[in-house]
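Taking UniProt numbering, I'd label the letters of the sequence shown as residues 1 to 174.
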Amino acid sequence: MRPRYYKQRDQIRCGQIAIFNALKWAGGFVLTAKQALPCLDVLCEYIKPEGIPHRPLDRALRFAGRGYFDVRRVYTPKLKEIEKHLRAGGAIIINFRWKGLVAGEMKDSRHYVLVTDTSPGGKYFGVVNYQTDDPVYHRIHRNAFKSDLLRFRQPPFKGWFLTRTSGEKSPPKK
1 MRPRYYKQRD
11 QIRCGQIAIF
21 NALKWAGGFV
31 LTAKQALPCL
41 DVLCEYIKPE
51 GIPHRPLDRA
61 LRFAGRGYFD
71 VRRVYTPKLK
81 EIEKHLRAGG
91 AIIINFRWKG
101 LVAGEMKDSR
111 HYVLVTDTSP
121 GGKYFGVVNY
131 QTDDPVYHRI
141 HRNAFKSDLL
151 RFRQPPFKGW
161 FLTRTSGEKS
171 PPKK
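Listed below in structure tokens is the structure:
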């Protein structure tokens, strides 16, 4: 059964939402979004209105997910790598990046999504928080997903490959 994922309710917290939903995907998170998001804001060094850069997201993801999932960061992941990881039962946080006009200025923009599965025939990908006006869990056709991977691939394009662990929290590193 698919977890009840949390929908992004603003335009700038997609990174925290991706981490929160990754914890739900791993099956070990019991806090509500109201309790968890302020903690994730601190872990991610959340600064309005830019959202989260890669390094703070990476640190927060590894810290929050310890004991629930292992994280492997992949630069410029290929569609075949993504499919293989999803078929093995993993999930992936992908960072789509692009340049666009914001208040009349050309700025870097980014959006983090959680990709949780692929259909048996590989025709669709299950994506959480794809766009803020979509349902929280959205099935995206393979061609549209591939097009997004190519179109929103501003360097440095990254994917964080998540693999569930046994579920027991490991002690913090000293």
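Where is the CB? At the ideal position from N, CA and C, for every residue including glycine.
Cα-Cα separation, residue i to residue j
{"i": "D41", "j": "Q131", "result": "20 Å"}
{"i": "C39", "j": "N129", "result": "20 Å"}
{"i": "R66", "j": "R164", "result": "10 Å"}
{"i": "L43", "j": "G27", "result": "20 Å"}
{"i": "Y125", "j": "S119", "result": "Here residue 125 is Phe; the residue named in the question, Tyr, does not match the sequence. Approximately 6 Å, taken between the alpha carbons."}
{"i": "A36", "j": "R110", "result": "22 Å"}
{"i": "K34", "j": "Q8", "result": "12 Å"}
{"i": "G89", "j": "D117", "result": "8 Å"}
{"i": "F152", "j": "Y112", "result": "11 Å"}
{"i": "H138", "j": "G104", "result": "31 Å"}
{"i": "T32", "j": "V127", "result": "21 Å"}
{"i": "P135", "j": "L86", "result": "21 Å"}
{"i": "D70", "j": "A64", "result": "11 Å"}
{"i": "R2", "j": "F145", "result": "21 Å"}
Neighbour-count burial assignment, residue i, 16 or more Cβ in a 10 Å radius
{"i": "L61", "result": "buried"}
{"i": "G122", "result": "exposed"}
{"i": "T76", "result": "exposed"}
{"i": "F161", "result": "buried"}
{"i": "H141", "result": "exposed"}
{"i": "N143", "result": "exposed"}
{"i": "V115", "result": "buried"}
{"i": "L150", "result": "exposed"}
Closest by C-alpha distance to residue i, when choosing among the options
{"i": "I93", "options": "Q11, Y5, G15, R55", "result": "G15"}
{"i": "F157", "options": "P3, R73, D133", "result": "R73"}
{"i": "S147", "options": "D134, D108, F96, V136", "result": "F96"}
{"i": "P53", "options": "K84, I12, Y6, Y5", "result": "I12"}
For the 8 Å Cβ check, are there 3 or more pairs between the stretch 76–84 and the stretch 19–28? Contact fails: fewer than three Cβ-Cβ distances are below 8 Å.
Runs of beta strand (DSSP E) wholly within the stretch 112–169 (minimum 3 residues, chain order): DSSP runs (the beta strand (DSSP E)) wholly in the stretch 112–169: 124–128, 137–141, 158–164.
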